[in-house]
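Q:
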Amino acid sequence: MRIGIGYDIHRFNGRRPLKLGGITVPFGRGLAGHSDADVLLHAIADALLGAAGAPDLGELFPPGDARTRGADSRLFVRAALSRVRRLGLAVGNVDATVIADAPKLGPYKARMRRSIGRLLGLADSAVSVKAKTTEGFEPKGLGVAAQAIVLLESARGSRPEARGKGRAHPRATSHELRAARKRVR
Ligand code: MG
Numbered sequence: 003m004r005i006g007i008g009y010d011i012h013r014f015n016g017r018r019p020l021k022l023g024g025i026t027v028p029f030g031r032g033l034a035g036h037s038d039a040d041v042l043l044h045a046i047a048d049a050l051l052g053a054a055g056a057p058d059l060g061e062l063f064p065p066g067d068a069r070t071r072g073a074d075s076r077l078f079v080r081a082a083l084s085r086v087r088r089l090g091l092a093v094g095n096v097d098a099t100v101i102a103d104a105p106k107l108g109p110y111k112a113r114m115r116r117s118i119g120r121l122l123g124l125a126d127s128a129v130s131v132k133a134k135t136t137e138g139f140e141p142k143g144l145g146v147a148a149q150a151i152v153l154l155e156s157a158r159g160s161r162p163e164a165r166g167k168g169r170a171h172p173r174a175t176s177h178e179l180r181a182a183r184k185r186v187r
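See the structure below:
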């Protein structure tokens, strides 16, 4: 078993849709970022990568990389999941918290869970999305933060010796990116 933690925070930027957990949350403002700025998926991708002992999301997909400008962040989670699977590991469960004073996320938690579950091939019951406000403290309504923790288990039938073999590319390869993109279409 392995465990990983991820955290991310993005500032509001008025001109974009608000993407959280792979869904669009109706709100007057979106988040600033090189990709679609889905802060929750970024935290989950980093938790997966951390648990796998892989380079973090910023190393795999450096900010400013032309290949991921405006990208659907589901592809980052898919790429992280591929790294996990290559090690003979499978995701057991994911627990995440989104921290934002606005918008109110309660009505969207179930859809976020389903979206993340679909992305990771997990039942909704293995995915938790909690929503917290800061009661007016940080981040003072300036953006949205997210935390995620994941548990990885040995994939059924996998050979543990597959773990850690081969050179880990610090940056996502074009092949990896293409494959992840295909899977989110
Ligand atoms: Mg981010």
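When the letters of the sequence shown are read in order and numbered with my numbering, they come out as residues 3 to 187.
Glycine is no exception: its CB is placed at the ideal position from the N, C-alpha and C atoms.
Which class does residue 154 belong to by DSSP, given the choice of helix, strand or coil?
A: Here residue 154 is taken as the residue at index 152 of the sequence shown, counted from 1. Residue 154: strand per DSSP, three-state reduction.
Q: Is residue 88 helix, strand or coil when you go by DSSP?
A: Sequence index remark: in the sequence shown, residue 88 carries index 86 (1-based). In this structure, residue 88 counts as helix in the three-state DSSP scheme.
Q: By the 10 Å Cβ neighbour count, where 16 or more other Cβ atoms means buried, how is residue 158 classified, buried or exposed?
A: The residue labelled residue 158 in the question sits at position 156 within the sequence shown. Classification of residue 158: exposed, given that the 10 Å Cβ count is below 16.
Q: Does the Cβ of residue 44 lie closer than 6 angstroms to at least one heavy atom of the ligand MG?
A: Counted from its first residue, the sequence shown places residue 44 at position 42. Distance from the C-beta of residue 44 to the nearest heavy atom of the ligand MG is below 6 angstroms.
Q: With DSSP as the reference, please indicate the residues paired to residue 13 in a beta bridge.
A: As a first step, residue 13 must be located in the sequence shown, where it is residue number 11. BP columns for residue 13 point to 145.
Q: Quick one, are the C-beta atoms of residue 29 and residue 105 less than 7 angstroms apart?
A: Taking the sequence shown and counting its residues from 1, one reaches residue 29 at position 27. Taking the sequence shown and counting its residues from 1, one reaches residue 105 at position 103. Between residue 29 and residue 105, the gap from beta carbon to beta carbon is short of 7 angstroms.
Q: Does the pairing of the region 91-103 with the region 63-76 give three or more beta-carbon distances under 8 angstroms?
A: no
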